[in-house]
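Counting from 1 along the sequence shown, just add 25 to a position and that's the residue number in the working numbering. Even glycine gets a Cβ: it sits at the ideal position worked out from N, Cα and C. Right, one structure below, let's go through it.
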Amino acid sequence: MTDSMSTTRTTPTTESQASPADNTADQLTPEETQKHNNRRRLRAQATPAQENAARVLIAVFATTLALTVVFYFVGGRLSGFALRIVYGTINIPATTSLVSILVLALLVGALLRRKRMALYIVASFQILGFLWSAQRLASVLVGTFSPPTEAIRVSPERLILVDSLAIIFGLTVPVILWWVRPAFPARVQRGSFIRASLIAICGSLISVGIAFAIMEATAEERSVLRAFGAVVRNSLGVAGVADRHVLHTVGHGVPVLLEICLSATFVLAIWAFLRSSGSPQNWTGMSEVAVRELLAQHGQADSLGYFATRRDRSYSFSDDQKAVLAYRVVGSVALASGDPIGEHTSWKSAVDNWLESCREYGWIPAVTSVGAEAGRFFAARGFGIVPLGDEAILHPDRFTLDSTSMTSVRQAVTRARRAGLTVTIRRHSDLTEAEMAEMIHLADSWRIGGPERGFSMALERLGDPADGRCVLVMAHTKDGKPVGMLSLVPWGRTGLSLDVMRRSPEAPNGVTELMVAELMDRAESLGLIHVSLNFAVARSVFADADELGASPFTRAGSGLLGLVDRFTQIESLYRNNDRYRPEWVPRYVCFEGAAALPAVALAIGAAEGFLPLPGRNTSVGNQLTPFELERASEAERITFEVTAVEPRRSNSTRHRMRHLDALCAAGRNPYTVGRPGGEALATLSAQTPATGTEVHVHARVRSVRRHGGVIFVTLIDNGVQAQAILERDTLGADQIELFGRNIDTGDLLSFQGHMGISRNGTSSIIVSSWDIAAKALHPVPYGGLTDPGQRARARTMDLLVHPQAAAKLRARSRAIGAVRSVLLEEGYLEVETPMLQSTNGGATARPFRTFSNAYGTDLVMRIAPELALKRLLAGDMGPVFEIGRNFRNEGADLTHNPEFTVLEAYRPFSDYNGMRLLTQRVIQAAARAVHGAEVIPLPMGPEDENGNRTVIPVDISGDWPVISVADAVSEKVGQRVSHTTDLETLLALARKHEVAVANDMGPGAVLEELYAELVEGETVYPTFYVDFPVETSPLTGPHRSIPGLVERWDLVIRGAELGTAYSELNDPIEQRRRLTEQSLKAAAGNVEAMEVDEDFLAALEVGMPPAGGLGIGLDRLVMMLTESNIREVLSFPFVRPRQK
């Protein structure tokens, strides 16, 4: 966030065109841009292997620098010698001296900037190391080598090994460096060698002269030269033991002075030699217009996108001009900010061009404040990623002051309103010149502190005519005096990002909170769905430190950041934003290699205004010309091109679209609206019209065959086929040609004509006129879809090519209609109850959860309508039933779907026996509606060759068997068991029959698990299993004669539960106890347990009549009747969504 007015920037374009009379853009054309980028790639085209080798080289020298610094401060004489031995082996002249440290630091920086000259310097180290090692190895071999004092403990054999390795490195590394040079394309500035040489020679002479003069004036005459030589060698980090004895007589002053002077000289010389080249780019208004055009189509993707129009930035466009990366050179770092703007497929090109610019000009690439998606993109390209902080996002549809978590904000807003403050919200384009001038004046006069801060989330200009879509929020006192302001930039078309926040020193408390609250309240009128507030650096540190049990390191980090908050406002910014309970969206920093991180951190600090380093430019920059302003205004009005969001079309679809265009050109509307008349082909065929009968029919085209002037068309409708004949003599040559060339299989056509007979005796429609009702843009595979997953996903196509699929949906409709008719005939009232509920109840299952934006509360999609229907019973509305959708948060398979249709019915003064008889009547009526008789297809026929029973229609008329759960389980386990059987006995039976049980199950639950595994799956004929344990039925009334059981039955057909019914529990005290027990399980982590529904319990306390209730899964009923899986009996079964 910032308040500054304007800055300057550079762009990768050519000369600026200020006059609208010149039709040429001042930006490179796509062709010129591509040629420029191709030339650059030819100059610096490194392979991935060369890039990896370059990273290894940089890492080696960065590690050397780090160790040198460590040894300089904590090492001793032998550690320094050891350092020279180790790095002398790989020919790196590292010594424990300040000169060596600074030279290595500059060299590492040059390598990071991919300077070609730095590579040559490394190669020279290798060559010099090779010569030195070869000379020393020769002297050791001939016995003339005299080691220095420090090397007394180094044996000749070890010296031979060290020198041999150095020679090998000296021979091989230069070859590798020559091979890797395309990864180091950056050149030094012209004349830099002469400047560096002059600095080095003059600086060295002056430094040595000063040191010698001081020693001449203070030392004994006979020892000046010897002492001076020791001082020089010490400054270069190569002093021996004898030199150290001499240095004791000199003191510390002169050696330190000479070391500092020589270090400064070498640093200046190397910096002058290796410093980065300046960018040849300059700012143009048309490049900003190009960015605004991209923002108009893609600005919604990133809240920081609009800040790319800052005029201190350069732009790297993709070759196709469909993406851009905005960056700014801060020191030696090319610092990009925010995500690339534009099409994701073009990001790579834009980033590649940016990286090539970095290589060419010797910049270190880095990106700050990127989102997660862009972060993954840069990580895939080899960048390192570290968290930077979090951005505070407010959603107006969720923002409310009526929450305990918003107490402090609500109180501040109340105080501000009580003080008489009012708020106005307007676009910048709606301000008069005087109002704009006042806004700028107030922003400047209310600014507190030094220079503005902000780079990634600050525009640093106010009042620019190009920023008309920015929003100004102003707070005024009763007398109209302004006391606060917010300025926000566009975030796409439905969002805003905070740019400027100001308040008058005389403003009452709560002015900022009032402006934010008013903006959220009026967001709908502005078309806003999200607003980005400030960016909080290192937010997770403060948030984690506030957590219970935070580690000492986390608390220490939070405390350290708190100490510097007076200068950085990092913590206070986070605390102020967190009061609004925003969504925190993480942002990241991307950089190339850990060695670049210090330079990147300094660049970010300088750009954002946290460090007093050169790198921020807040001067007034260029302005757009009137012509460019007009172009920018047009860009703001750009809407999404329809072609930009069209799906990828197959060759077949593109071919059909050409046919569509041809039909339109011929005056045929391929998508007519409201065409009455005519009848479906299936209906006509059922009437068997006689020859000569006039017909008007519509159907789809299954095939087209052309024989000269006659076209034979096979029509299809719901599995019924017929032939239509179009003749040139009747329709004319033009119509025959139009039909033959442009009609495809799957097209929906309308024909008028009369019934006739073809030459081979086929009954046909002799067409007198035709028209198209709907053009099929995809081929219809009438040969059939075989993959079940594809059939479920392409359900419309499945219904067209598989008439049996449509027949099952019609059977479903008849079956559910029969169920409804039975209930209505018996006096039941059909009702509808809410699908969105505030509590999870009615059954034990995992619900779908959602959030109500209007009321700020969590809701669940119902898993059963039971509680609502019982409340109607308590209101004397019974008997009642509902056929509706229930939802359970589970996977989809051949027998389950997350949403499913259920019948629930309740009759007062009935019980589970009455519901059992009603269930028989309902299912028998459904069977009659589907099959014409009370039969269900069941595997009860003769065995086939595999020993499986064949499926035959089985009569289900009359009463069905009724068996208690205890009796059924006892028969399967071979001994008498019940809910009173000892738990250990039941567990032993479960282990014997390999039935899994949970740790918290009691005897009743174990008994029901045995029933589910051993009984239910073996049942084929419709059977009622009655009298279940109370432990598993919290909503069921107790058994009237057997304690510990409830009056409940399950209907099982063909190994699956089809329905269940209860004698309903109407005791509110016992019901509360059971629901409380369930809610405790939910609190303990059981996501399927029910919650306490106080509205339901209040209805029971009024008095619900004794009742019987039933539930039947209608999807499963239709599955049984049609011998299908659940996908086949649902219009649109759930399938896993496609990856976007």
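Review point. Where does F1159 sit, in a helix, a strand or coil, going by DSSP?
Key: As a first step, residue 1159 is located in the sequence shown; it is residue number 1134 there, counting from the start. Reduced to three states, the DSSP call for F1159 is coil.
**Study point:** Residue interval of the beta strand (DSSP E) (run including N534)
**Key:** The sequence position of residue 534 within the sequence shown is 509, counting from 1. Annotation: N534 is outside any beta strand (DSSP E) and is labelled neither H nor E by DSSP.
Check your understanding: For the alpha helix (DSSP H) that contains Q949, what are its first and last residues?
Key -> Taking the sequence shown and counting its residues from 1, one reaches residue 949 at position 924. 937 to 956 is the extent of the alpha helix (DSSP H) around Q949.
Exercise for review: Counting only runs of 4+ residues fully inside the segment 113 to 178, write out the alpha helix (DSSP H) ranges in chain order.
Suggested key: Assignment of alpha helix (DSSP H) within the segment 113 to 178, counting only whole runs of 4 or more residues, yields 123 to 137, 141 to 167 in chain order.
Check your understanding: So which of A958, A993, L892, F1159 has the shortest CA-CA distance to R1097?
Key -> Walking along the sequence shown from the start, residue 1097 turns up at place 1072. Distances from the alpha-carbon of R1097 to those of A958, A993, L892, F1159 put L892 closest.
Review point. Just how far apart, CA to CA, sit D524 and S512?
Key: To locate residue 524, count along the sequence shown from 1; it is residue 499. To locate residue 512, count along the sequence shown from 1; it is residue 487. Their Cα atoms are separated by approximately 6 Å.
Point to revise | Bridge-paired residues (DSSP) for W204 | key: The count along the sequence shown starts at 1 and reaches residue 204 at position 179. As far as DSSP is concerned, W204 takes part in no beta bridge.
Practice item. May I have the straight-line CA-CA distance separating H466 from S557, to the nearest angstrom? Key: Translated into the one-based positions of the sequence shown, residue 466 becomes position 441. Translated into the one-based positions of the sequence shown, residue 557 becomes position 532. Within the model, the alpha-carbon separation for H466 versus S557 is close to 25 Å.
Check your understanding: Roughly how many whole angstroms lie between the Cα atoms of Y386 and M540?
Key -> Here residue 386 refers to the residue found at position 361 of the sequence shown. Here residue 540 refers to the residue found at position 515 of the sequence shown. Using only the alpha carbons, I get a separation of about 46 Å.
Practice item. Would you identify the three-state DSSP class for H420, choosing helix, strand or coil? Key: Here residue 420 refers to the residue found at position 395 when the sequence shown is read from its first residue. H420 falls in the coil class under three-state DSSP.
**Study point:** In chain order, each beta strand (DSSP E) run of at least 3 residues that lies wholly inside the segment 712 to 781
**Key:** Here the runs fully enclosed are 719 to 732, 735 to 742, 745 to 752.
**Study point:** Cβ pair L1170, V1055 closer than 8 Å
**Key:** No answer is possible for residue 1170: the residues shown for the chain start at 26 and end at 1165.
Review point. So what does DSSP say about G1136, is it helix, strand or coil?
Key: By one-based count along the sequence shown, residue 1136 stands at place 1111. DSSP places G1136 in strand when its eight states are reduced to three.
Review point. Which residues in the same chain as G488 place their Cβ atom closer than 6 Å to its Cβ, once the five residues preceding and following it in sequence are excluded?
Key: Looking up residue 488 in the sequence shown gives position 463. Excluding five sequence positions before and after G488, the CB atoms of its chain that fall closer than 6 Å to its own CB belong to M461, I465, given in chain order.
Check your understanding: Hey, quick one: how far does the alpha helix (DSSP H) through N602 stretch, first residue to last?
Key -> On the sequence shown, residue 602 is found 577 positions in, with the first residue counted as 1. Its alpha helix (DSSP H) spans residues 595 to 603.
Exercise for review: Taking only the alpha-carbon atoms, compute the straight-line gap between S164 and I146 and give it to the nearest angstrom.
Suggested key: As a working mapping, residue 164 is identified with position 139 in the sequence shown. As a working mapping, residue 146 is identified with position 121 in the sequence shown. Their Cα atoms are separated by approximately 27 Å.
Check your understanding: Comparing alpha-carbon positions, which option in H453, T537, L740, I750 lies nearest G734?
Key -> Along the sequence shown, read from residue 1 onward, the residue named residue 734 stands at position 709. Ranking H453, T537, L740, I750 by Cα distance to G734 puts I750 first.
Practice item. Please specify which runs of the beta strand (DSSP E), each continuous and at least 3 residues long, are wholly inside the segment 1038 to 1083, giving them in chain order. Key: DSSP assignment within the segment 1038 to 1083 yields the following whole beta strand (DSSP E) runs of 3 residues or more, N-terminal first: 1048 to 1054, 1070 to 1078.
Review point. Would the segment 405 to 423 and the segment 603 to 617 be scored as touching if the rule is three or more Cβ pairs under 8 Å?
Key: Yes, they touch.
Check your understanding: Using the C-alpha atoms, what's the distance from T718 back to P828?
Key -> Locating residue 828 in the sequence shown gives position 803, counting from the first residue. Locating residue 718 in the sequence shown gives position 693, counting from the first residue. Computed Cα separation, rounded: 27 Å.
Exercise for review: Could you please give the first and the last residue of the uninterrupted beta strand (DSSP E) stretch that includes C615?
Suggested key: Counted from its first residue, the sequence shown places residue 615 at position 590. In the DSSP assignment, C615 falls within the beta strand (DSSP E) that extends over 608 to 616.
Exercise for review: Output the distance between the C-alpha atoms of M940 and H803, rounded to the nearest integer angstrom.
Suggested key: Taking the sequence shown and counting its residues from 1, the one referred to as residue 940 is at position 915. Taking the sequence shown and counting its residues from 1, the one referred to as residue 803 is at position 778. M940 and H803 have their alpha carbons spaced roughly 50 Å apart.
Review point. Beta carbon of E318, beta carbon of T334: below 8 Å?
Key: The count along the sequence shown starts at 1 and reaches residue 318 at position 293. The count along the sequence shown starts at 1 and reaches residue 334 at position 309. One thing to note: E318 has its Cβ no nearer than 8 Å to the Cβ of T334.
Check your understanding: Under 8 Å between the Cβ atoms of T537 and M526?
Key -> Numbered from 1 along the sequence shown, position 512 holds the residue referred to as residue 537. Numbered from 1 along the sequence shown, position 501 holds the residue referred to as residue 526. Between T537 and M526, the CB-CB gap stays under 8 Å.
Exercise for review: Measure the C-alpha to C-alpha separation of M142 and A375 and round it to an integer number of angstroms.
Suggested key: Here residue 142 refers to the residue found at position 117 of the sequence shown. Here residue 375 refers to the residue found at position 350 of the sequence shown. Whole-angstrom Cα-Cα distance: 27 Å.
Check your understanding: Residues in its own chain within less than 8 Å of P55 by CB, not counting five upstream and five downstream?
Key -> Numbered from its first residue, the sequence shown carries residue 55 at position 30. Bear in mind that the predicted position of P55 carries a pLDDT of just 44, short of 50, making it too unreliable to give a figure here.
Practice item. Determine the direct distance from the alpha carbon of Y807 to that of H684, and round the result to whole angstroms. Key: In the sequence shown, the residue the question calls residue 684 occupies position 659. In the sequence shown, the residue the question calls residue 807 occupies position 782. Computed Cα separation, rounded: 20 Å.
Review point. Tell me which same chain residues have a C-beta within less than 8 Å of the C-beta of L1011, skipping the five on either side of it?
Key: Locating residue 1011 in the sequence shown gives position 986, counting from the first residue. Once the five neighbours on either side are set aside, the close Cβ partners of L1011 are V1002, P1028, V1031, L1032, L1035.
**Study point:** Nearest to A491 (by Cα), restricted to the options F652, A391, R896, G972
**Key:** Residue numbering aside, residue 491 sits at position 466 when the sequence shown is read from its first letter. Nearest option by C-alpha distance: F652.
Practice item. If I'm right that G1062 touches L1090 with Cβ under 8 Å, what's the distance once you round it to whole angstroms? Key: Counting from one through the sequence shown, the residue named residue 1062 turns up at place 1037. Counting from one through the sequence shown, the residue named residue 1090 turns up at place 1065. 4 Å between Cβ atoms; contact.
Exercise for review: Would you kindly report the start and end of the unbroken alpha helix (DSSP H) that includes V998?
Suggested key: Numbered from 1 along the sequence shown, position 973 holds the residue referred to as residue 998. V998 -> alpha helix (DSSP H) spans 990 to 998.
Point to revise | Distance between L740 and L825 (C-alpha atoms, nearest Å) | key: Taking the sequence shown and counting its residues from 1, one reaches residue 825 at position 800. Taking the sequence shown and counting its residues from 1, one reaches residue 740 at position 715. Approximately 12 Å between the Cα atoms of the pair.
Review point. DSSP puts N680 in a beta bridge; with which residues?
Key: Taking the sequence shown and counting its residues from 1, the one referred to as residue 680 is at position 655. Strictly speaking, residue 680 in this sequence is His, with Asn absent from that position. For H680, DSSP records no beta bridge to any residue.
Practice item. Give every residue of the same chain whose Cβ lies closer than 7 Å to the Cβ of M1129, excluding the five residues on either side of it in the sequence, and list them in chain order. Key: As a working mapping, residue 1129 is identified with position 1104 in the sequence shown. K895, L898, A899, N1091, listed in sequence order.
Exercise for review: Please report the residue range of the beta strand (DSSP E) in which N911 lies.
Suggested key: One-based indexing of the sequence shown puts residue 911 at position 886. N911 -> beta strand (DSSP E) spans 905 to 912.
Check your understanding: L73 lies in the alpha helix (DSSP H); which residues open and close that run?
Key -> Numbered from 1 along the sequence shown, position 48 holds the residue referred to as residue 73. According to the sequence shown, residue 73 is Pro rather than Leu. That run of the alpha helix (DSSP H) goes 73 to 99.
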